[in-house]
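Numbering (this note's numbering), first residue to last: 13 to 651.
The structure is reproduced here in structure tokens:
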């Protein structure tokens, strides 16, 4: 246990506190490997522009045509870019307006009160209100109804239990309040005279939380690795955890992604020896919310398999509030950021996924079966092959299958210990792979690599590695030491087929600060300037026209390396020209995360997570994570 105040640490900081990166002792080998690619990296970094320098990779733009392409792109941005802000509210361009749609603690049903700024939300009502810390979301049309499914990543206990010091729960009832505030909300929304609002008492409205019954499916279902005394068959579990990014299937279901699940499981038994596999996933004796003190399901000394039942992608049918969510183990057990699904040329379903931790990997799943509209989809995410990415410095890459033959592991082990399987095949360590976005008008995909302060960092001749010992040396896709700004990598599947095993790649953008660093890699790529700079790209989604909307979750100190970058923000990027412009800034302390569009594309829904100030209700009120609805004042299309 630790006497450090962990109540306000980010999940990345919390992991760093409990699991400082192991050291690699074969430093000479690492240095030799890095030097062998110095020629390539030097060419990329010498002018401070990955996007412009990687011409051999099918890059963004050439110097001779950049101005012409920029002019052609101007019409794609239907807004005047805004500057940075450092205050406690949202800013959008002239001609646009925003309004809260759903705030933490807001009722989903009639007769339920709004959150009390002194008492918070009662246990009775904690699963009947909009949850805490909104994240990934998707909108679904069911008949004449518009439904939004939205994640609730974690809680801020000092706000959710305002009567407790640091929000530390003192009994099982208070643990249940925290558990109910997380997970997923499915809610019907409608636009009326007062703008967009939640439809109270809609039969579609539903809260899914840490105690919601779920099914386990795929190769790990029934495995001894995930059986418990309460579930001797290994097929039924409770709850979904730390729901970060999201996705949707071609058949209209919601994919919610379990990310930092490790922080929920611990023990008060000092004599209990943690299983060896816990270390790779960051499971330690101390938890974020003290569940293990009052709910023995989360005490790993009593239930050592329980953490292995978390870390999956969960499929939810938003059209049926009585349906049972399904954890799809074939898609692997990692710290899932989001799930980007697409139908390949032959009809197979491809799902791209990032593992959000420094030095972890990028994955994809390819189904065995073919998607047929209106056909049986129950096994499409259970039967298939999981792959992990290898990026080569020459701008090519391959997807390596994680199979018993390639890993020496059984299939259930691959699904439960996916990180270990990926390490065995030599996957490329990445700078925190976050959201993946698939271009709807071109055969290409993007992944936000948000940052990695440990990349190529060494001390006393030992280079830092991920929790599995995979060295985080420089590579062309992750080319900066101590990467505080992040980048977005883009790949082009061979044969224009997302199911193909090979790809070509480049960097769409390297975030940076050209005001602090006049040149070099930390100034950013050529499409970064004083007017659009940002750090830590995180959430990403394409609109229907092919514009890439980029959301950030980084430093908003506006000092030092981040001077002039203001609060977190949302920007739009043109894949054709590389042009990037700022559209929105968030309140101080908030992350911009999760977005979707109304069915008519005239409203852009955007999530604001963990604001520091009393947003959006004003002074004297609690800070509330909020989904806002953004519209053009002339009611024209916004996506």
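Heads up, the beta-carbon is just placed ideally off N, CA and C, and yes, glycines get one too.
Assigned with DSSP and collapsed to three states, residue 533 falls in helix. For residue 199, there is no enclosing alpha helix (DSSP H); the enclosing beta strand (DSSP E) has its first and last residue at 195-204.
Taking a C-beta distance under 8 Å as the contact criterion, residue 175 and residue 131 qualify as a contact pair. The Cβ-Cβ distance between residue 597 and residue 619 does not fall below 8 Å.
For residue 500, the enclosing beta strand (DSSP E) has its first and last residue at 499-505.
With 16 or more neighbouring CB atoms inside 10 Å of its own CB, residue 547 falls in the buried class. Per the coordinates, the alpha-carbon of residue 495 lies some 8 Å from the alpha-carbon of residue 443. With a threshold of 16 other beta carbon atoms within 10 Å, residue 530 falls short and is exposed. Contact between residue 395 and residue 368 is absent: CB atoms are separated by about 26 Å, not below the 8 Å threshold. Exclusion of the five residues before and after residue 509 leaves 356, 357 as the residues of its chain whose Cβ lies within less than 7 Å of its Cβ.
When the Cα atoms are used, residue 277 and residue 375 turn out to be separated by approximately 25 Å. Under the three-pair Cβ rule at 8 Å, the segment 141-154 counts as touching the segment 247-260.
The three-state secondary structure of residue 293, taken from DSSP, is helix. Boundaries of the beta strand (DSSP E) around residue 378: 374-382. Per the DSSP secondary-structure output, residue 608 pairs in a beta bridge with 617. The beta carbon of residue 281 sits closer than 7 Å to the beta carbons of 313 from its chain, once the five residues preceding and following it are set aside; these are given in chain order.
As the crow flies, the alpha-carbon of residue 27 is around 34 Å from that of residue 511. Taking the CA atoms as reference points, residue 489 sits about 7 Å from residue 519.
Annotation for residue 146: the continuous beta strand (DSSP E) segment containing it runs 146-154.
Exclusion of the five residues before and after residue 476 leaves 33, 466, 469, 484 as the residues of its chain whose Cβ lies within less than 6 Å of its Cβ. For the pair residue 334 and residue 438, the Cα-to-Cα distance works out to about 43 Å. Contact annotation: residue 545 and residue 447 have beta-carbon atoms that are not nearer than 8 Å. Contact fails between the segment 383-398 and the segment 205-223, because fewer than three Cβ pairs, one in each stretch, are under 8 Å apart. DSSP places residue 458 inside the beta strand (DSSP E), whose first and last residues are 457-461. Using a Cβ distance threshold of 8 Å, residue 399 and residue 378 count as a contacting pair. In the DSSP annotation of this structure, the continuous segment of the beta strand (DSSP E) that includes residue 563 starts and ends at 560-564. Beta-carbon to beta-carbon, residue 549 and residue 500 are separated by about 6 Å, close enough to satisfy the 8 Å threshold. Less than 8 Å divides the Cβ of residue 160 from the Cβ of residue 151.
Per the coordinates, the alpha-carbon of residue 513 lies some 39 Å from the alpha-carbon of residue 219. Secondary structure in the segment 188-269: the beta strand (DSSP E) runs of 3 residues or longer, each lying completely within the stretch, are 195-204, 207-210, 218-220, 225-229, 248-250, 255-260 in chain order.
The segment 232-250 makes contact with the segment 413-430; the number of CB pairs closer than 8 Å reaches 3 or more. Ranking 109, 502, 243, 21 by CA distance to the CA of residue 449 puts 502 first. In terms of Cα proximity to residue 528, the closest of 154, 555, 297, 571 is 571. Annotated three-state conformation of residue 89 is coil, per DSSP. Within the same chain, no residue comes within 6 Å of residue 387 by CB-CB distance, once the 5 residues on both sides are set aside.
Shortest Cα-Cα distance from residue 263 to any of 330, 294, 201, 222 involves 330.
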